[in-house]
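Undergrad:
Residue numbers (our numbering), protein chains in the order written: chain L, 1 to 112; chain E, 113 to 223.
1. Output yes if chain L places a C-beta closer than 8 Å to the C-beta of residue 214 of chain E; else output no.
2. Are the CB atoms of residue 221 of chain E and residue 191 of chain E nearer to each other than 8 Å?
3. Between the C-alpha atoms of residue 165 of chain E and residue 49 of chain L, what's the straight-line distance to the nearest angstrom?
4. How many Å lie between residue 150 of chain E and residue 196 of chain E at the Cα?
5. Taking the Cβ atom as the reference point for each residue, do residue 35 of chain L and residue 43 of chain L lie within a distance shorter than 8 Å?
6. Please identify, using Cβ separations under 7 Å, the residues of the region 39-68 of chain L that lie next to chain E, in order along the chain.
7. At a CB-CB cut-off below 9 Å, which residues of chain E make contact with residue 100 of chain L?
8. Tell me which residue opens and which closes the beta strand (DSSP E) that residue 53 of chain L is part of.
9. Any beta carbon of chain L sitting closer than 8 Å to that of residue 168 of chain E?
10. Checking 8 Å against the spacing of the C-beta atoms, do residue 223 of chain E and residue 193 of chain E come in under that value?
11. Are the region 52-70 of chain L and the region 100-110 of chain L in contact at 8 Å, needing three or more beta carbon pairs?
12. What is the DSSP secondary structure of residue 10 of chain L, reduced to helix, strand or coil?
13. Does the beta-carbon of residue 15 of chain L have 16 or more other beta-carbons within 10 angstroms, so that it is buried, or is it exposed?
14. I need the straight-line Cα distance from residue 85 of chain L to residue 156 of chain E, nearest angstrom please.
15. Please identify the residue among E:161, E:167, E:154 whose C-alpha is closest to the C-alpha of residue 3 of chain L.
16. Would you mind sorting residue 40 of chain L into buried or exposed? The rule is 16 or more other CB atoms within 10 Å of its CB.
17. Along the chain, which unbroken stretches of the alpha helix (DSSP H) at least 4 residues long are found entirely within the region 171-204 of chain E?
18. For residue 136 of chain E and residue 158 of chain E, I'd like the C-alpha separation in whole angstroms.
19. Output yes if chain L places a C-beta closer than 8 Å to the C-beta of residue 199 of chain E; else output no.
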């Protein structure tokens, strides 16, 4: 069974540009989560989808971040416009029900 | 607000030695997870600890949970190079559906 996949694995962009990260959860998992790890710090929760609905978006830093999960399958996280402090590793996780989450390999975002 | 403190942040140890990573958290939780991450790879679930006094072991790793002290430990016995990775603890509270992670411990085992 395929695990959680994320695309791209790395992204380097200029400040002010737009970047879209994609996450494909494990098939059948209704719950999808986004987390972010800024260099050397803890992994922080961003938001949680149940199917296509946002269950909790309390961790989203500001309105430059937009997450979607159309059709309740894959999810995208768009950063527009990107700022230097947005650099970090963005992790996606999925689960069939609340509890143990299965993580993807992350997307390393560098904003120059 | 739930806070999770993990230490040490970095750990360099010789093969064959023992060491412990600590994870303290500030409020009650339903379960505690330990994850391992190799560079560029997914976080791999190692252990989930559900109750006070829970102890789980897999190979050279043993995790324990003391809910009264709000402390979990990950003990490494006779370290080998293959254990080099970053280890995270994460606390989960039902109702919030999210993990609160520690800062991670970057472990390097020297041959």
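By construction, the Cβ of each residue, glycine as well, lies at the ideal position given by its N, Cα and C atoms.
TA: This is what the structure gives:
1. yes
2. yes
3. 33 Å
4. 8 Å
5. yes
6. 41, 42, 43, 45, 48, 55, 56
7. 143, 145, 157, 160, 204
8. 53-56
9. no
10. yes
11. no
12. strand
13. exposed
14. 27 Å
15. E:154
16. exposed
17. none
18. 18 Å
19. no
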